[in-house]
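Enquirer: In this note's numbering, the protein residues as written are 10 to 266.
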């Protein structure tokens, strides 16, 4: 390691860790300047998190959010050159810090997914008639082996809350409302319509099936997930309706097989 690199690493360590030793040869004057630099650095990161997690901040309040953001910046310093990724992992930080209020971590995870899908690559949904044409000669084995290419950046999350209601209630100038707890956990599907990130809540079995196919599973394997949760008869019917819904919603970009 060169002397310059060692000095740079010591400087970075001192910025991220207040208890770290100062770089060799530094005194009280340098330490005072470092404190100013450290505060500016953390303030920039906290502001980046505020821009990414606007609704999460409204949910918990400005000061609790600032403390959580500062904690995250100290314990998870960014590893990318862009501030856009400074918020990576903040949902997990919120889940830990607000363990008694799980809606905080789940809302933060949704905000992160919405931001990520906004910057994902462009892709056009596969039209229903195009899918019908491409699959017109499918045998039963073809349907089971079929794999789909989905819109870039799509994500499937889980929640125990009505995040549709909470998301709307936390928009600017809206009055706060009581968070609605669901009887059963649901899936939250995030995608982009044109330039607009959107999400919808669906049954957990549908989210599990979609997550599997996003990970490369075949349609037959996705159907098996649905049948395992709903039973043979209901599962078979719901699997077909589920595929039609995905096509209608514009989730699917390509038919791989």
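We put the beta carbon where it would ideally sit given N, CA and C, even for glycine.
Report all residues from its chain with a CB closer than 6 Å to the CB of residue 124; omit the five preceding and five following residues, and keep chain order.
Expert: Working through the chain shown from its first residue, we reach residue 124 at position 115. The answer, listed in chain order, is 61.
Enquirer: Three or more C-beta pairs closer than 8 Å, one from the stretch 211-231 and one from the stretch 93-103: is that the case here?
Expert: Contact fails: fewer than three Cβ-Cβ distances are below 8 Å.
Enquirer: Tell whether a beta-carbon distance below 8 Å holds between residue 256 and residue 137.
Expert: Counting from 1 along the chain shown, the entry for residue 256 is found at position 247. Counting from 1 along the chain shown, the entry for residue 137 is found at position 128. Contact flag set, yes.
Enquirer: Taking 8 Å as the threshold (C-beta atoms), are residue 189 and residue 210 in contact?
Expert: By one-based count along the chain shown, residue 210 stands at place 201. By one-based count along the chain shown, residue 189 stands at place 180. Not closer than 8 Å, so no.
Enquirer: Which residues in the same chain as residue 173 place their Cβ atom closer than 7 Å to its Cβ, once the five residues preceding and following it in sequence are excluded?
Expert: As a working note, residue 173 is residue 164 in the chain shown. Excluding positions up to five away in sequence, the list reads 210.
Enquirer: Considering only DSSP beta bridges, list what residue 266 is partnered with.
Expert: Taking the chain shown and counting its residues from 1, one reaches residue 266 at position 257. Looking at the DSSP assignment, residue 266 forms no beta bridge with any residue, so it has no partner.
Enquirer: Within the chosen definition, does the stretch 246-264 reach the stretch 227-236 through at least 3 CB pairs nearer than 8 Å?
Expert: As far as the Cβ criterion goes, the stretch 246-264 touches the stretch 227-236, which means the pair count is three or higher.
Enquirer: What would DSSP say about residue 59, mapped onto helix, strand or coil?
Expert: On the chain shown, position 50 is the one that residue 59 refers to. In this structure, residue 59 counts as helix in the three-state DSSP scheme.
Enquirer: Alpha carbon to alpha carbon, how far is residue 266 from residue 252?
Expert: Here residue 266 refers to the residue found at position 257 when the chain shown is read from its first residue. Here residue 252 refers to the residue found at position 243 when the chain shown is read from its first residue. So the alpha carbons of these two residues sit roughly 15 Å apart.
Enquirer: Indicate whether residue 132 and residue 161 have their beta-carbon atoms separated by less than 8 Å.
Expert: Your numbering for residue 132 matches position 123 in the chain shown. Your numbering for residue 161 matches position 152 in the chain shown. Contact: yes.
Enquirer: I need the straight-line Cα distance from residue 53 to residue 155, nearest angstrom please.
Expert: As a position in the chain shown, residue 53 is number 44, starting the count at 1. As a position in the chain shown, residue 155 is number 146, starting the count at 1. One C-alpha to the other measures close to 47 Å.
Enquirer: Using only the alpha-carbon positions, how far apart do residue 55 and residue 259 sit?
Expert: If you number the chain shown from 1, residue 55 lands on position 46. If you number the chain shown from 1, residue 259 lands on position 250. In a straight line, the C-alpha of residue 55 is about 35 Å away from that of residue 259.
Enquirer: Measuring only the C-alpha atoms, how far is residue 206 from residue 126?
Expert: As a working mapping, residue 206 is identified with position 197 in the chain shown. As a working mapping, residue 126 is identified with position 117 in the chain shown. Cα to Cα, the separation comes out at about 6 Å.
Enquirer: Apart from the five residues on each side of it in sequence, which residues of its chain come closer than 6 Å, Cβ to Cβ, to residue 85?
Expert: Looking up residue 85 in the chain shown gives position 76. Counting only Cβ-Cβ distances below 6 Å, and skipping sequence neighbours, we find 98.
Enquirer: Does the beta-carbon distance from residue 158 to residue 191 come in below 8 Å?
Expert: The residue labelled residue 158 in the question sits at position 149 within the chain shown. The residue labelled residue 191 in the question sits at position 182 within the chain shown. Not a contact, by the Cβ cut-off of 8 Å.
Enquirer: How big is the Cα-Cα spacing for residue 179 and residue 145?
Expert: Reading the chain shown from its first residue, position 170 is the one you call residue 179. Reading the chain shown from its first residue, position 136 is the one you call residue 145. Taking the straight line joining both Cα atoms gives about 45 Å.
Enquirer: If the criterion is Cβ atoms closer than 8 Å, does the pair residue 78 and residue 59 meet it?
Expert: What you label residue 78 is simply residue 69 of the chain shown in a count that begins at 1. What you label residue 59 is simply residue 50 of the chain shown in a count that begins at 1. Yes. Within cutoff.
Enquirer: If I follow the unbroken alpha helix (DSSP H) through residue 105, where does it start and stop?
Expert: Position 96 of the chain shown, counted from the start, is the residue given in the question as residue 105. Taken as a continuous stretch (DSSP letters only), the alpha helix (DSSP H) holding residue 105 covers 99-106.
Enquirer: Measure the alpha-carbon distance for residue 114 versus residue 165 and round it to whole angstroms.
Expert: For this step, residue 114 is matched to residue 105 along the chain shown. For this step, residue 165 is matched to residue 156 along the chain shown. Computed Cα separation, rounded: 15 Å.
Enquirer: For residue 244, collect the residues of the same chain with a Cβ closer than 6 Å to its Cβ; drop the 5 residues on either side in sequence, then sort them by chain order.
Expert: For the purposes of this step, residue 244 is identified with residue 235 of the chain shown, where counting begins at 1. Excluding sequence neighbours, residue 244 sits near 235, 236.
Enquirer: Return the CA-CA distance between residue 104 and residue 187, expressed in angstroms with no decimal places.
Expert: Taking the first residue of the chain shown as 1, we reach residue 104 at position 95. Taking the first residue of the chain shown as 1, we reach residue 187 at position 178. Between residue 104 and residue 187, the C-alpha separation is close to 19 Å.
Enquirer: Measure the alpha-carbon distance for residue 167 versus residue 120 and round it to whole angstroms.
Expert: Along the chain shown, read from residue 1 onward, the residue named residue 167 stands at position 158. Along the chain shown, read from residue 1 onward, the residue named residue 120 stands at position 111. One C-alpha to the other measures close to 13 Å.
Enquirer: Ignore the nearest five residues each way along the sequence and tell me which others in residue 194's own chain have a CB closer than 7 Å to its CB.
Expert: Counting from one through the chain shown, the residue named residue 194 turns up at place 185. 167, 168, 169, 213.
Enquirer: Tell me the rounded alpha-carbon separation between residue 141 and residue 71.
Expert: Your numbering for residue 141 matches position 132 in the chain shown. Your numbering for residue 71 matches position 62 in the chain shown. Cα to Cα, residue 141 sits roughly 51 Å from residue 71.
Enquirer: Going by Cα to Cα distance, which pick from 110, 116, 74, 107 is closest to residue 208?
Expert: Counting from one through the chain shown, the residue named residue 208 turns up at place 199. Taking only the C-alpha atoms, the option nearest residue 208 is 116.
Enquirer: Can residue 264 and residue 135 be called in contact, C-beta distance under 8 Å?
Expert: The residue you call residue 264 lines up with position 255 of the chain shown. The residue you call residue 135 lines up with position 126 of the chain shown. Yes.
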